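First residue of the sequence shown: 79, per this note's numbering; consecutive thereafter.
Everything on this sheet refers to the single structure shown next.
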Amino acid sequence: MLQPYIRPGIDDRPDLDKALSPEDKAAVARLAIKDHRRPPEASADQPEAQAARLAAAGSSTAAAAAASVDTPAPDMSSAYLDMRDPMVSADGQRPTAKQVSRLNWGFFVAAILVGAPWMALNTVAIANVVAAIGGYNTAEFFAAAVNPATGRALPTGTSLATPLAVVVVLGIIAALFSTPLVAALSDRTRVNFGRRTPWMVGGGVLCALLTLILGQCAALPAMCILWILLQFTYAMMSAPLAAAMSERVPDKFRPRIERWHGIGVMLGQAAGVCLAAFSLMFGPYVPFVAIAAVFTISGIVTVLILPKEPSSEAQPIQRLHWEQISTQLRPPADAPAFARVFAARACMMTGVGLTGVFLWYLVRFWVYGKAVVFTSAPLTVPAGGLIVLMALATLAGAALASWAAGPISEWVEDRGLATAKVVAGCCVLYAAGVAVAWGLGVWSAGTARENGMIIFALVTGFAFGLVDALGLELVMDALPNPRNAGHDLGFYGLANMAGQAAAAIIGAVLVTVFAGSFGYYVLFPAAIVMVLISGVLTMSARH
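Put into structure tokens, the structure is as follows:
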């Protein structure tokens with residue numbers, strides 16, 4: 079009888095479960111490699127995620143992202159540093175040409191839709207609600223009080239500076255903790271739709287709901303509570319969006335997509351100011367309806383344009399500890415150069431915020447506070463029109479800065495100049511733009527004062543864009559450890575918050591103290607001083 083053919087080394091292998099003794103099996107188990115699934119990198123440790131968050135947070139920081147200055151974040155996990163394929167993203171996906179195009183347009187549109195309503199709230203809508211709570215209606219905004227001793231008109235609305243500062247500072251404190259908390263929770267989300275998608279969609283809907291309620295507020299405490307909640311819901315969109323850029327964009331296409339994202343941020347900021355100022359001409363509640371509508375579609379449209387995010391159900395379960403959030407608020411140790419750059423940025427943002435936080439009151443009480451321009455049309459028309467023109471001028475200045483930053487950087491390198499000196503010169507240029515608005519406003523009125531504000535917006539937009547684009551090199555050089563670049567860049571972003579909070583507090587104190595003589599235009603010399611201090615601190619930073 080024929081026996082079946084036994085293949086040597088295949089069919090004659092022993093059954094190890096039967097051939098090995100329990101002691102042998104235990105020995106093999108001790109030598110075996112335990113393949114535990116590694117958790118994905120936290121978004122707080124991703125330098126590219128922090129760079130994207132910086133671009134979306136600053137008023138003109140997007141100009142740095144849109145510029146052609148080659149100052150990438152030191153990412154030690156980049157595919158260019160090892161043998162990995164730069165066409166594969168950090169989440170293991172290899173996007174096709176069509177998907178790369180969708181990534182490009184998705185993050186571009188997301189930058190506009192997410193940034194526009196938030197800018198509208200911060201520049202016009204919130205200030206207008208505070209004014210309504212303070213008892214100022216449309217007519218009273220333009221009613222000039224008269225000093226009986228001198229017979230001259232006094233600046234109005236100075237009592238609104240303090241409540242607005244309270245709202246701004248509380249919002250900044252809430253954002254300080256909500257952003258790292260949402261980032262950590264988003265990292266640990268395990269659903270079929272991916273880690274970031276549910277947060278972006280849900281955050282947009284919740285932002286819209288809270289915005290509609292905020293527009294109906296009649297008391298300052300309720301407004302503060304809603305504004306704090308809005309910080310958390312907005313972080314639900316912004317933090318996962320920045321992390322998604324780091325995870326889903328391959329290194330090969332990152333410069334192009336980041337540049338388009340920066341352009342989208344600039345367009346979104348200008349569109350947000352125009353949206354709020356224009357819609358306010360039709361009623362005090364109309365801006366909140368428009369802002370809520372944009373918030374609602376922002377997350378949904380972004381998810382529809384971007385390629386489908388891979389499922390996160392297979393990622394390991396990670397516990398959330400408070401240390402993982404608190405460490406993001408801890409500065410790097412033994413880094414004096416980084417401390418100087420951080421202080422310079424905080425002072426710069428204080429100078430910018432002194433006019434930015436109170437911009438709506440500057441226009442309504444300082445530019446149009448002494449005369450009624452229209453008689454039959456709504457009195458918000460001239461103020462809203464000037465705000466729109468200023469937003470367009472700032473956009474033009476920032477766009478010009480992003481275009482000129484590359485050639486200026488090459489010229490500085492060819493001449494052997496220190497970048498810190500050039501950035502300090504840009505700070506002086508910013509101060510000059512503020513001085514133009516201040517001088518024309520003090521020594522003239524009417525059309526000259528309006529033109530001064532437009533020139534101020536154009537010059538400061540250009541100067542601030544150059545400060546961001548060229549100063550980014552100083553920031554990268556000041557990072558103490560490239561392996562901790564993600565954490566250090568995230569902490570550097572706190573300088574924006576610190577500067578805005580300081581601007582709100584200093585501005586409220588100055589306006590209140592000088593309410594009887596200067597009013598809101600005391601903010602201009604204070605802004606000049608803070609910007610010049612930033613220039614001095616920048617000079618101390620090494621190239």
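By construction, the Cβ of each residue, glycine as well, lies at the ideal position given by its N, Cα and C atoms.
Quick caveat, the model's predicted, so the values are computed rather than measured.
For residue i, which of the options has the nearest alpha-carbon?
i    : options                : result
M427 : L259, T240, F542       : F542
E684 : Q347, L473, V279, L432 : Any property of residue 684 remains undetermined from this structure, which presents the chain solely from 79 to 621.
L437 : I403, A355, L292, A593 : A355
C352 : A469, A127, N559       : A469
Y570 : A509, R408, V435, G340 : R408
V343 : R131, P460, L304       : R131
A198 : G350, G503, L308       : G350
G503 : G549, L191, A188       : G549
Q406 : E101, P173, L254, P385 : L254
G293 : G281, Q578, L308       : L308
V327 : T433, E119, P173       : P173
I611 : C505, I533, N562, L544 : C505
D169 : A120, I250, D95        : A120
V466 : P394, S357, S376, A496 : S357
Q171 : A129, A105, G272       : G272
D95  : V609, A104, I88        : A104
A371 : A581, F416, A421, C285 : C285
S256 : L572, P460, N270, L298 : L572
G519 : L440, A593, A461       : L440
G583 : G597, V246, P195, A134 : Rather than Gly, the amino acid found at residue 583 in this sequence is Ile. When each option's Cα is compared against that of I583, the closest is V246.
A129 : N559, G340, G613       : G340
N206 : A296, F310, I395       : A296
I626 : P362, D93, V260        : With the chain represented from 79 up to 621, any question about residue 626 goes unanswered, as that position is not in the structure.
By how many angstroms is the C-alpha of residue j removed from the C-alpha of residue i?
i    : j    : result
E391 : T380 : 22 angstroms
S595 : V589 : 10 angstroms
L248 : T236 : 20 angstroms
L615 : K499 : 11 angstroms
W624 : L473 : Because residue 624 is not part of the residues shown, which for the chain are 79 to 621, the question remains open.
A604 : L536 : 20 angstroms
D329 : S167 : 7 angstroms
A477 : F540 : 8 angstroms
I303 : M323 : 31 angstroms
A122 : R274 : 14 angstroms
K176 : W183 : 11 angstroms
Y599 : A526 : 15 angstroms
V607 : G193 : 29 angstroms
V178 : W338 : 13 angstroms
T267 : L191 : 24 angstroms
S454 : G213 : Confidence at S454 is low in this model, with a pLDDT of 39, below 50, so its placement is unreliable and the value that follows should be read with caution. Rounded to the nearest angstrom, the two C-alpha atoms are 22 angstroms apart.
L382 : D102 : 55 angstroms
A188 : F366 : 20 angstroms
A422 : A579 : 15 angstroms
R91  : V106 : 17 angstroms
V269 : P385 : 16 angstroms
L242 : I291 : 18 angstroms
L345 : V445 : 26 angstroms
I believe residue i touches residue j by the beta-carbon criterion, under 8 angstroms. Please report the beta-carbon distance rounded to the nearest angstrom.
i    : j    : result
T538 : G475 : 7 angstroms
M531 : A515 : 5 angstroms
A252 : I369 : Not really, about 19 angstroms apart at Cβ, beyond 8 angstroms.
S264 : A317 : 6 angstroms
V553 : V364 : Their Cβ separation, rounded to whole angstroms, is 40 angstroms, which puts V553 and V364 out of contact at 8 angstroms.
A262 : Q402 : 6 angstroms
I378 : F185 : Not quite, the Cβ-Cβ distance comes to about 15 angstroms (not below 8 angstroms), so this is no contact.
V289 : F373 : Rather than Val, the amino acid found at residue 289 in this sequence is Thr. The Cβ separation is near 6 angstroms, so the contact holds.
L238 : V208 : 6 angstroms
P517 : A127 : Checking the sequence shown, residue 517 turns out to be Gly, not Pro. Wrong, their Cβ atoms sit about 43 angstroms apart, outside the cutoff.
A471 : R442 : About 18 angstroms separates the two Cβ atoms, so there is no contact after all.
G282 : S404 : At roughly 28 angstroms, the Cβ-Cβ gap does not stay under 8 angstroms, so G282 and S404 are not in contact.
Going by other Cβ atoms of all chains shown within 10 Å of its Cβ, with 16 needed for buried, is residue i buried or exposed?
i    : result
S487 : buried
E325 : buried
M314 : buried
M165 : exposed
W400 : exposed
D546 : buried
D566 : buried
N70  : For the chain, the structure presents residues 79 to 621; residue 70 sits outside this window and is missing.
V435 : buried
Q81  : exposed
E528 : buried
S389 : exposed
I84  : exposed
L109 : exposed
E551 : buried
I88  : exposed
Extract the residue ranges of the beta strand (DSSP E) inside the stretch 367-429, only unbroken runs of 3 or more that lie entirely within it. Segments of the beta strand (DSSP E) lying fully in the stretch 367-429: there are none.
Start-end ranges of the alpha helix (DSSP H) lying completely within the stretch 523-601, minimum 4 residues: Segments of the alpha helix (DSSP H) lying fully in the stretch 523-601: 525-556, 563-570, 572-591.
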